[in-house]
Amino acid sequence: MNEARAPVTRERGLRLLREMLRIRCFEDACVQLYGELKIRGFLHLCNGEEAVAVGTMQGLEPTDAVVSTYREHGHALARGLPMNALMAEMYGRESGSSRGRGGSMHIFDVGKRFYGGNAIVGGGLPLSLGLALAQKLQRQKAVTACLFGDGAVAEGEFHESLNLAALWQLPLLFLCENNLYAMGTAIERAESQLDITTKARPYGLEAQAVDGMDVFAVEDATRAAVARMRAGAGPVLLELRTYRFRGHSMFDAQLYRDKAEIEAWQKKGPLISLTTRLKAQGLMSEEDYQRLEREARSEVAAAVEFAERAGWEPVEQLERFVYAELPHA
Amino acid sequence: MPEPLAGRMSYRDAAREGLRAALHADARIFLMGEDIGRYGGCYAVTKGLLQEFGPERIRDTPLSESAFVGAGIGAAIGGLRPIVEIMTVNFSLLALDQILNNAATLCHMSGGQISVPLVIRMATGAGRQLAAQHSHSLEGWYAHIPGLRVVTPATIDDARFMLAAALACPDPVLLFEHIFLYNMEGELSPSLTGVEIDHAAVRRSGRDLVLITYGGSLHKCLTAAEQLAGQGIEAEVLDLRTLRPLDDAAIMAAVRRTRRAVIVDEGWRSGSIAAEITTRIVEQAFYDLDAPVARVCTAEVPVPYPKHLEDAALPSPERIIQTVQRLMSRAE
Amino acid sequence: MQIDFRLPSLGADMESATLAQWLKQPGEAVRRGEAIAVVETQKGLIDVECFEDGTVTALDVAPGAKVAVGAVLARLSVAGTAAAAVASAPQPPPQAPPAVVAATPATPGAPREAAGTGGLTRISPAARRRAQELGVSLEVLAQQAAGGVLHIEDVERLAARAQAPAEDARSAMRAVIGSAMARAKREIPHYYLGLTVDFGPAREWLARQNATLPIQERLIEGVLLTKAVALAAARIEGFNGYFREGRFERVAPVHVGSAIALRGGGLVAPALLDADRKDLKTLMREFSDLVRRVRAGRMRSSEFTAATITVTSLGEEGVETLYPIIHAPQVAIVGAGRIAEQAWAQAGAVVVRPLLHLTLAADHRVTDGRSGSRFLQAIAALLADPEKL
């Protein structure tokens, strides 16, 4: 597939780096906050997968719809959800993106067309079919992007969704974030066929594998796929090959993989890849990196401060939001 | 709407009219489900609709309950008004995750940002010797879940008009049609233009006890009440119409009037909607009772295939009458 | 600046961990993101990372020690002022207020406590049963309730209070009954006859009748017997009336004394007036009324002296046959044992039937065995054909 690649410029490079650094700093702060019992429940971090989040979200328009998983902080930040609201949601405060009601696994922002946040593996795929169907029937130019992991590929919903999307030619971009592990199960022990793109093609979808550590490649592939879909090409699957530096969730002794493997991947992680490449092409300096990292950490510190001072939803409100309180159109 | 149906019709015809009226009234409405288009619907409810409205609005789906129910949820969020037909409640189990973890829960998880104005229609119930896997009555199970609304039209008027009320609701509504009701015939009330889905309805007044029921069991209760009248026992019959929310006020008013309650529910008795209603009566009308609450439910067995066993397992007018007689005789 | 390094929570259900290994020693530098120790948890060994650049100054926990989440493991010296520390005192979520959360169900539900029972007394079913056992009148209870709810202990309290004065009244009554019985035994020459009756037909007839009646009007078996005795007494001479001043006073109306057990012992037999002329429904209603008033202690003395013949039964208490004492100045008393399923000969075969052992105790100064047996046969015939009652 010959895709047009957007030029690698300083502006583009620094923009993408900043976006990835915001995510990395946010995730690292979450580790500490979780250890201090500020964030509770389950916490799934995306260190190592920042290029997937930033590259894909950069390739979409604000009118497009996004469905994600429980490992969604990076996707949400890259999509443009305010970091303050996100951190407050992690803390469970009323000024969180879901009023604190959802927590880490249930981030929603209807204004940004970000529809969660789903704790059931594969649970977002059927939902994304519907969003895409609505776009098609209402003759909108917008598309729907659904992020899911290699674990979801084993669920029946994945196959039902590929089939239905192709059958009805829905504007649905299947973004498989293959980090090689479904919790503690390596993909070799879960899938009879390791190349995920080969699972989509028999259903009639166009499918492409992408180096998920290369943010430029991810952005280019996403833009190209979306452009084809807007022109009426039908659903597309991108398999973004990446790696998860931290455990599945916080409480993970990672008995199922070697430290050596993790270290090897860390050496070719998204931040290092981008920085090395931009420096090699003379497009950025170490000072640029330090400045961007300081700014990211400072933004995260401000978000933590915001969350620390934010209020709790009153207990008397407990039974609200079970049914809609909106005026119904 | 061209050529609206009036006068005497079957429950099936009334349901179809409801769908036609909705499709004509709002361009956002469309149907999705297995065999609803070219086949005309498993129970012939959607017969003719494909010809009238076309394949974009009457969409046959593959056998992918999870996918097309989820698609219904997403389409509802995305600005359309889908009516999803799951062929029977027995197959809804394949979509249970989408119904519970998405449809019922998205409003709450998003802190109220999202509403899911989806209607899911399902055939339900037993009595045609379809055996264990095709005979469930799971309305009570679904009524357990906050975030859903559950309605059970049991009359011609309700079959015709409950759908519109469900479509006007911003929350997901599960609408159950008992398979035995499809062939039932009756007169559509001539001047009726709509119904609400928040309240129960007294279908027959009585002074000695109230039969509390819904859906396919309503007519069994009315039959039993006729026979009991011949024995000098006057039974009131209350059609619940909505299982979530339950109309507590109507239930308690009937219990206070009659002092005795018998709940007739086609689910299995353990953890059933009958159990829930009994508990609410104990909570709210304990001192008005002159006898313990009784219930007639399906026997605790997967529904068997042979007719005599199926008849023995399901609620029937005979079992209802026996239960009432035992209740009235002051037997312990 | 010195800061504490504490054991972090690594999972929702982690409460503690065992320090397995220190990766840094006092004096060594540590960088942000670097692992400083390894701890053992229920899931296995996990690296614990440090979030500051600094130097380890002290290790407070030795390898092998089990520590709770939040406990201080080590101390570090880091650059910067105290204000740079991220951790501020955690603000706990507000406690749920002690009052119940305002339950606003989405249902258009009725208020929990029924306000609208419209002045009816609210007595728990268990309390009602206790009241019945103790013979406490519901009207009295209702007055005590005054809008609230009565429970078992309320009923028992009331009964205990009512007990004391009632005791005196009751023992006085026993004395009176006792002397009357003694006189009757002394003065009246009793003869006894017994007849066993198949109560089956009467029972079946009764069931059919009762199926058509509302609960409050349903007939009990005793009422059938009362009517049968009344009709027989009207028809056959010598059993309805008084023996006074050395002679028998035949009396036209038949007032059947009906034995009613008192709580705390004793039997009284107030009269059902004109029992031969009233239909069963009326007799049933009047009998129920008598029972109520007897138990509430509201009887008229005339009701005790009006009886012209008495029917006595111990109901379900268990004996087959009674041998009663005539209530002077009456001249006869009919006793009914418990109706029980027993063997019976019918058309040459043994069948099981509900049998009633009727006894007649009569005054031999007025009647003899022959009229006595005609009397009993008449009762039996009426019971066999309840339609005639």
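Chains as they are written, first to last, in my numbering: chain A, 1 to 329; chain B, 330 to 661; chain C, 662 to 1050.
Every residue, glycine too, gets a C-beta built ideally from N, C-alpha and C.
Does residue i come out as helix, strand or coil in the three-state DSSP assignment?
i	result
Lys888 of chain C	helix
Leu409 of chain B	coil
Ala744 of chain C	Any reading at Ala744 of chain C needs caution, since the residue's pLDDT is 46, under 50, leaving its predicted position unreliable; the model's value is listed next. Residue state, collapsed to three classes: helix.
Asn178 of chain A	strand
Glu287 of chain A	helix
Arg12 of chain A	helix
Leu422 of chain B	helix
Met83 of chain A	helix
Gly282 of chain A	coil
Pro126 of chain A	helix
Ala681 of chain C	strand
Measure the C-alpha to C-alpha separation of residue i and residue j and round it to an integer number of angstroms.
i	j	result
Val54 of chain A	Gly715 of chain C	32 Å
Ala803 of chain C	Glu346 of chain B	56 Å
Thr276 of chain A	Phe712 of chain C	25 Å
Tyr91 of chain A	Pro314 of chain A	15 Å
Ala190 of chain A	Leu180 of chain A	10 Å
Arg693 of chain C	Arg22 of chain A	17 Å
Thr971 of chain C	Pro621 of chain B	39 Å
Glu263 of chain A	His473 of chain B	49 Å
Leu874 of chain C	Arg386 of chain B	60 Å
Ala530 of chain B	Thr571 of chain B	10 Å
Cys626 of chain B	Thr453 of chain B	15 Å
Gln266 of chain A	Gly48 of chain A	7 Å
Trp866 of chain C	Asp950 of chain C	24 Å
Going by the beta-carbon positions, is the gap between residue i and residue j smaller than 8 Å?
i	j	result
Tyr372 of chain B	Tyr511 of chain B	yes
Ala65 of chain A	Tyr115 of chain A	yes
Phe665 of chain B	Glu394 of chain B	Beyond the ends of chain B as shown, which are 330 and 661, falls residue 665 of chain B; an answer cannot be given.
Ala296 of chain A	Cys25 of chain A	yes
Asp486 of chain B	Leu521 of chain B	yes
Leu569 of chain B	Asp576 of chain B	yes
Gly13 of chain A	Leu237 of chain A	no
Arg93 of chain A	Ala310 of chain A	yes
Arg1035 of chain C	Asp859 of chain C	no
Ala134 of chain A	Pro235 of chain A	no
Val374 of chain B	Arg341 of chain B	yes
Gly998 of chain C	Thr973 of chain C	no
Gly122 of chain A	Ile107 of chain A	no
Gly796 of chain C	Arg924 of chain C	yes
Ala400 of chain B	Leu164 of chain A	yes
For residue i, go through chain C and note every residue whose CB falls closer than 9 Å to its CB, in chain order.
i	result
Gly561 of chain B	Ala872, Thr873, Leu874 and Pro875
Quick one: which chain A residues come within Cβ less than 7 Å of residue i?
i	result
His724 of chain B	Chain B is shown from 330 up to 661; residue 724 of chain B falls before or after that span and cannot be answered.
Leu880 of chain C	Those within 7 Å of Leu880 of chain C in chain A number zero; the least Cβ separation is about 54 Å.
Ala579 of chain B	Ordered by position in chain A, no residue passes the 7 Å Cβ test against Ala579 of chain B, which lies about 20 Å from the chain.
Answer with yes or no whether the minimum CB distance from residue i to chain A is below 8 Å.
i	result
Glu516 of chain B	no
Ser670 of chain C	yes
Pro758 of chain C	Interpretation of Pro758 of chain C is limited by its pLDDT of 40, a score under 50 that renders its predicted location unreliable; the figure taken from the coordinates is listed afterwards. Interface residue, yes.
His473 of chain B	no
Leu557 of chain B	no
Asn419 of chain B	no
Could you list which residues in chain B have their beta carbon closer than 9 Å to that of residue i, in chain order?
i	result
Arg783 of chain C	Phe615, Tyr616 and Asp617
Are the C-beta of residue i and some C-beta of chain B separated by less than 8 Å?
i	result
Val884 of chain C	no
His106 of chain A	yes
Using 8 Å as the limit for Cβ to Cβ distance, is residue i near chain C?
i	result
Asp64 of chain A	no
Met657 of chain B	yes
Arg99 of chain A	no
Phe306 of chain A	no
Could you list which residues in chain B have their beta carbon closer than 8 Å to that of residue i, in chain order?
i	result
Val810 of chain C	Tyr616
Ser95 of chain A	Within 8 Å Cβ-Cβ: nothing; Ser95 of chain A doesn't reach chain B, min ~10 Å.
List the residues of chain A whose Cβ lies closer than 8 Å to the Cβ of residue i, in chain order.
i	result
Leu706 of chain C	Ala253
Phe666 of chain C	In chain order: nothing, as chain A lies at least about 10 Å away.
Give the residues of chain B in contact with residue i, contact being defined as C-beta atoms less than 7 Å apart.
i	result
Pro270 of chain A	Neighbours of Pro270 of chain A on chain B: none; closest Cβ ~29 Å, over 7 Å.
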